[in-house]
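Novice: One structure, as structure tokens, below. Some questions next.
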Amino acid sequence: MSYHNPYTPPRKSATFDDYTLAEIRRAAATGIYDIRGAGTKRKVPHFDDLLFLGASISRYPLEGYREKCDTSVVLGTRFAKKPIHLKIPITIAGMSFGALSGPAKEALGRGATISGTSTTTGDGGMTDEERGHSETLVYQYLPSRYGMNPKDLRRADAIEVVVGQGAKPGGGGMLLGQKISDRVADMRNLPKGIDQRSACRHPDWTGPDDLEIKIMELREITDWEKPIYVKVGGARPYYDTALAVKAGADVVVLDGMQGGTAATQDVFIENVGMPTLACIRPAVQALQDLGMHRKVQLIISGGIRSGADVAKALALGADAVAIGTAALVAIGDNDPKWEDEYRKLGTTAGAYDDWHEGKDPAGITTQDPELMQRLDPVAAGRRLANYLKVMTLEAQTIARACGKNHLHNLEPEDLCALTMEAAAMAQVPLAGTSWYPGKGGF
Numbered sequence: 056m057s058y059h060n061p062y063t064p065p066r067k068s069a070t071f072d073d074y075t076l077a078e079i080r081r082a083a084a085t086g087i088y089d090i091r092g093a094g095t096k097r098k099v100p101h102f103d104d105l106l107f108l109g110a111s112i113s114r115y116p117l118e119g120y121r122e123k124c125d126t127s128v129v130l131g132t133r134f135a136k137k138p139i140h141l142k143i144p145i146t147i148a149g150m151s152f153g154a155l156s157g158p159a160k161e162a163l164g165r166g167a168t169i170s171g172t173s174t175t176t177g178d179g180g181m182t183d184e185e186r187g188h189s190e191t192l193v194y195q196y197l198p199s200r201y202g203m204n205p206k207d208l209r210r211a212d213a214i215e216v217v218v219g220q221g222a223k224p225g226g227g228g229m230l231l232g233q234k235i236s237d238r239v240a241d242m243r244n245l246p247k248g249i250d251q252r253s254a255c256r257h258p259d260w261t262g263p264d265d266l267e268i269k270i271m272e273l274r275e276i277t278d279w280e281k282p283i284y285v286k287v288g289g290a291r292p293y294y295d296t297a298l299a300v301k302a303g304a305d306v307v308v309l310d311g312m313q314g315g316t317a318a319t320q321d322v323f324i325e326n327v328g329m330p331t332l333a334c335i336r337p338a339v340q341a342l343q344d345l346g347m348h349r350k351v352q353l354i355i356s357g358g359i360r361s362g363a364d365v366a367k368a369l370a371l372g373a374d375a376v377a378i379g380t381a382a383l384v385a386i387g388d389n390d391p392k393w394e395d396e397y398r399k400l401g402t403t404a405g406a407y408d409d410w411h412e413g414k415d416p417a418g419i420t421t422q423d424p425e426l427m428q429r430l431d432p433v434a435a436g437r438r439l440a441n442y443l444k445v446m447t448l449e450a451q452t453i454a455r456a457c458g459k460n461h462l463h464n465l466e467p468e469d470l471c472a473l474t475m476e477a478a479a480m481a482q483v484p485l486a487g488t489s490w491y492p493g494k495g496g497f
């Protein structure tokens, strides 16, 4: 005879929670996997798990806004004739025209230019608006080769060879047919309205030796002027960074799993790759072991949201960061003013991630002409510039509190960790101790 305790409410499984149950039912009903955009939504160790140790008696702080704290960075100093000089160490990550609307790409270029930093093309080629409004533009060279041509390589200020992406290391991109407009189809040499899937690997090379040859080809095409970046997803950061350096990269871009994507399988986003925090120290160690730290610059991306995140990434050894999702939010993505329309799509502001459907009420992740008109690229560019300004001021405030007159003078010694996981990943002491997992002693 069973007995139900009337004083105990029904208890749901932690393993089979409501979301998991709904996904099982959806899969059973449709027979297809879920596709979405953005980045991982699971909680993983991140920069919030680190704290700065400000100055007191043992360290000497800088005085407020009266003492200078430099934020400039130079990228591509290893081989390029014309390295990139930026006013701030916060760049705009690659996001394609096709995934994003034309006005969104223009807004990113405008905001980056006002702030004295760079933006990046993404898959699908270079638009005239983007080039026209981006003082410093990095051209992504992807496995798909969509929109790639030598003319645009030469028009760019740097070239980023994309090997992997944080949201889907080892996976290719997607752009569904509803976003393949006449213009997108023309730029990518695709039929209009037909789903396209980008390759997961480059068609003309299979390993680091071939990558070295490809980098040499790109240098010859651009007369050795342009810095060559190599972008990898956060999976095996020590070896990938070392191999990129040995292949001749000027800059390594390392994208953790909190980095976003236009569209891929949900199971990929949530279960492949490593947290950004876990990627930085192995990459820095690889550069140090090769004697190339600060000679080959390291850009970190994937979940950067604030000046504190910027300062922590730089303290752990990065030279700069890249933002993608945060930049889209700054120009209007997931804005609550469109809440009624988000609800009609079955979601809510702050959770909308069906970027592949091309129905974005904010006019950012769409090719719908009416929706695109909602985004004013001039006003959106100013919002992005304001956001970048605040991030920079926040990072400077922290650096001054640690007694640093340049953001690049921040170091692991300025940090402590709140959790064992963060201490192990960042290789900084657990708060209140001089120890982190793997160090030995307490």
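Numbering (our numbering), first residue to last: 56 to 497. The C-beta atom is built at its ideal place from N, Cα and C for all residues, glycine as well. These figures come from a predicted structure and were not determined experimentally.
What residue does the alpha helix (DSSP H) around residue 334 start on, and which one ends it?
Specialist: 331-344
Novice: Taking the Cβ atom as the reference point for each residue, do residue 219 and residue 235 lie within a distance shorter than 7 Å?
Specialist: no
Novice: Can you tell me where the alpha helix (DSSP H) with residue 195 in it begins and where it stops?
Specialist: Per DSSP, residue 195 belongs to no alpha helix (DSSP H); it is in the beta strand (DSSP E), 192-196.
Novice: How would you write the range of the alpha helix (DSSP H) that residue 118 sits in, first residue to last?
Specialist: That residue, residue 118, is in no alpha helix (DSSP H); it is neither H nor E in DSSP.
Novice: Is it the case that the Cβ atoms of residue 338 and residue 386 are separated by a distance below 7 Å?
Specialist: no
Novice: Out of curiosity, what's the CA-to-CA distance linking residue 459 and residue 372?
Specialist: 15 Å
Novice: Can at least three beta-carbon pairs, one atom from the stretch 144-152 and one from the stretch 168-180, be found at a separation below 8 Å?
Specialist: Yes: the two stretches touch, three or more of their Cβ pairs being nearer than 8 Å.
Novice: By Cβ distance below 7 Å, which residues in the same chain neighbour residue 292 in space, the five residues on each side in sequence not counted?
Specialist: 309, 334, 337, 338
Novice: Which residues share a DSSP beta bridge with residue 348?
Specialist: 351
Novice: Where does residue 497 fall in DSSP's three states?
Specialist: In this prediction, residue 497 scores a pLDDT of 46, lower than 50, which makes its location untrustworthy; the coordinate-derived value is nonetheless stated afterwards. Note: residue 497 maps to coil in three-state DSSP.
Novice: Work out the CA separation of residue 356 and residue 364 for me, nearest whole Å.
Specialist: 10 Å
Novice: Return the bridge partner residues of residue 91 from the DSSP annotation.
Specialist: 319
Novice: Considering Cα atoms alone, identify which of 116, 73, 105 is closest to residue 476.
Specialist: 105
Novice: Which residue from 214, 467, 198 puts its Cα closest to that of residue 229?
Specialist: 198
Novice: Is the Cβ-Cβ distance between residue 251 and residue 413 less than 7 Å?
Specialist: no
Novice: With 16 other CB atoms within 10 Å as the buried threshold, where does residue 272 fall?
Specialist: exposed
Novice: Between residue 136 and the rest of its own chain, which residues show a CB-CB distance below 7 Å, the 5 nearest in sequence each way excluded?
Specialist: 279, 280
Novice: With a threshold of 16 other CB atoms inside 10 Å of the CB of residue 161, please say whether the residue is buried or exposed.
Specialist: buried
Novice: Under the three-state reduction of DSSP, which class applies to residue 108: helix, strand or coil?
Specialist: coil
Novice: Only counting runs of 4 or more residues, tell me where the alpha helix (DSSP H) segments fall wholly within the stretch 177-251, in order along the chain.
Specialist: Taken in chain order, the unbroken stretches of alpha helix (DSSP H) that lie wholly in the stretch 177-251 and span 4 residues or more are 183-188, 205-210, 237-243.
Novice: Should residue 453 be labelled buried (16 or more other beta-carbon atoms within 10 Å of its own) or exposed?
Specialist: buried
Novice: Note down, in chain order, each residue of its chain lying with its Cβ closer than 7 Å to the Cβ of residue 224, except the 5 sequence neighbours on either side.
Specialist: 288, 289, 290, 327, 328
Novice: Could you check what DSSP says for residue 499 in three-state terms: helix, strand or coil?
Specialist: Residue 499 lies beyond the range of the chain shown here (56 to 497); nothing can be said about it.
Novice: Between the stretch 76-93 and the stretch 314-325, are three or more C-beta pairs nearer than 8 Å?
Specialist: yes
Novice: Per DSSP, which residues does residue 288 bridge with? Please list them.
Specialist: 310
Novice: In this structure, what does DSSP give as the bridge partners for residue 140?
Specialist: 129
Novice: Using a threshold of 7 Å, state whether the C-beta atoms of residue 255 and residue 221 are closer than that.
Specialist: no
Novice: Using DSSP's beta-bridge definition, name the partner residues of residue 152.
Specialist: 155
Novice: The beta strand (DSSP E) that contains residue 404, what's its start and end?
Specialist: Unbroken run through residue 404: none, as it is neither H nor E.
Novice: Hey, how far is the Cα of residue 497 from the Cα of residue 471?
Specialist: At residue 497 the pLDDT is 46, less than 50, meaning the model places this residue with poor confidence; the figure from the coordinates comes in the next sentence. Roughly 14 Å separates the two Cα atoms.
Novice: Roughly how many angstroms lie between the CA atoms of residue 237 and residue 243, to the nearest whole one?
Specialist: Spanning the two alpha carbons is a distance of roughly 10 Å.
Novice: Considering only DSSP beta bridges, list what residue 145 is partnered with.
Specialist: 376
Novice: Use the C-beta contact count for residue 73: other C-beta atoms within 10 angstroms, 16 or more gives buried, fewer gives exposed.
Specialist: exposed
Novice: Provide the residue span of the alpha helix (DSSP H) that contains residue 266, from first to last.
Specialist: 263-276
Novice: Please name the residue, chosen from 411, 194, 60, 116, that lies closest to residue 318 on a Cα-to-Cα basis.
Specialist: 411
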